[in-house]
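Residue numbers (this note's numbering), protein chains in the order written: chain H, 2 to 116; chain G, 777 to 889.
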């Protein structure tokens, strides 16, 4: 297993365009998380899935953001009508949740720059 | 609600010197505590975690942390740092459901040769 993979690593887009990021978690992990990290800050929770079900969304996740995890495998995060404030590193993480708390395995992130 | 405070945004230290990175948290419920390291342009890597049991936790790369419930702290320590320890370090807390982590703002550790 190669860990959590995110694609693309970098994305530059014009304001108003739509972008989509992909995350491939560790195959046996049932939970998948999306976080956003802006410069000089720690990661902030956006949403998470258990298998294919999206169980929680942060209020940071405006209606321009949508995430899916079809078939409980990879996940996509789409941002519509991007704004400059969306520029950040988008981190995906996965874990095998068994009822307690385990550390995540993070991917390397997708850095989004909105110009 | 949970929150994490990392008191030092930048910590310079000479190679082979000891280092302590401070982390305090606030929570009205029991928490699990974690330290992550982030190298430039990379994701976060788990250094160590406290779930229960012994309050002194040992992690990778020679790091350790001590959970102090009365002071609501989880400071990270290393007795002798190496150049390769230069990175951003994040403290995080999670409540028992493991739904999400709350991260501090990070401490940038710079090891000086």
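Glycine included, every Cβ here is placed at the ideal spot set by N, Cα and C.
Contact set for residue i: own chain, Cβ-Cβ below 7 Å, skip 5 residues either direction
| i | result |
| --- | --- |
| residue 9(H) | 111 |
| residue 92(H) | 36, 38, 44, 107, 108, 110 |
| residue 13(H) | 114, 116 |
Residues near residue i in its chain [Cβ-Cβ closer than 8 Å; skip 5 each side]
| i | result |
| --- | --- |
| residue 880(G) | 780, 781, 782, 799, 866, 867, 868 |
| residue 787(G) | 795, 797, 883, 884, 885, 886 |
| residue 785(G) | 881, 882, 883, 884 |
Contact set between residue i and chain H, taken where Cβ atoms lie within less than 7 Å
| i | result |
| --- | --- |
| residue 825(G) | 104 |
| residue 819(G) | 92, 107, 108, 109, 110 |
| residue 850(G) | Residues of chain H passing the Cβ test: none, with the nearest at roughly 14 Å. |
Cβ of residue i within 8 Å of any chain G Cβ
| i | result |
| --- | --- |
| residue 9(H) | no |
Cβ-heavy atom distance, residue i to the ligand MG, below 7 Å
| i | result |
| --- | --- |
| residue 854(G) | Among the components modelled here there is no ligand, and therefore nothing to report on the ligand MG. |
Chain-ordered chain G contacts of residue i [CB-CB under 9 Å]
| i | result |
| --- | --- |
| residue 46(H) | 875, 876, 877, 878, 879 |
Residue i in three-state terms, based on DSSP
| i | result |
| --- | --- |
| residue 1(H) | Outside the shown range of chain H (2 to 116) lies residue 1(H), about which nothing can therefore be said. |
| residue 818(G) | coil |
| residue 80(H) | strand |
| residue 870(G) | strand |
| residue 844(G) | strand |
| residue 837(G) | helix |
| residue 64(H) | coil |
| residue 876(G) | coil |
| residue 859(G) | helix |
| residue 782(G) | coil |
| residue 38(H) | strand |
7 Å Cβ cut-off: residues of chain G touching residue i
| i | result |
| --- | --- |
| residue 43(H) | 866, 879, 880, 881, 882 |
Test: residue i CB closer than 8 Å to a CB of chain H
| i | result |
| --- | --- |
| residue 822(G) | yes |
Buried or exposed by the 16-neighbour rule on C-beta atoms within 10 Å, applied to residue i
| i | result |
| --- | --- |
| residue 64(H) | exposed |
| residue 28(H) | exposed |
| residue 847(G) | exposed |
| residue 82(H) | exposed |
| residue 859(G) | exposed |
| residue 103(H) | buried |
| residue 889(G) | exposed |
| residue 34(H) | buried |
| residue 820(G) | buried |
| residue 62(H) | buried |
Interface partners of residue i on chain H, CB under 8 Å
| i | result |
| --- | --- |
| residue 810(G) | 104 |
Cutoff 6 Å; reference residue i; Cβ partners in own chain excluding five residues on either side
| i | result |
| --- | --- |
| residue 21(H) | 77, 79 |
| residue 853(G) | 796, 840 |
| residue 73(H) | 52, 53 |
| residue 855(G) | 794 |
| residue 835(G) | 823, 824 |
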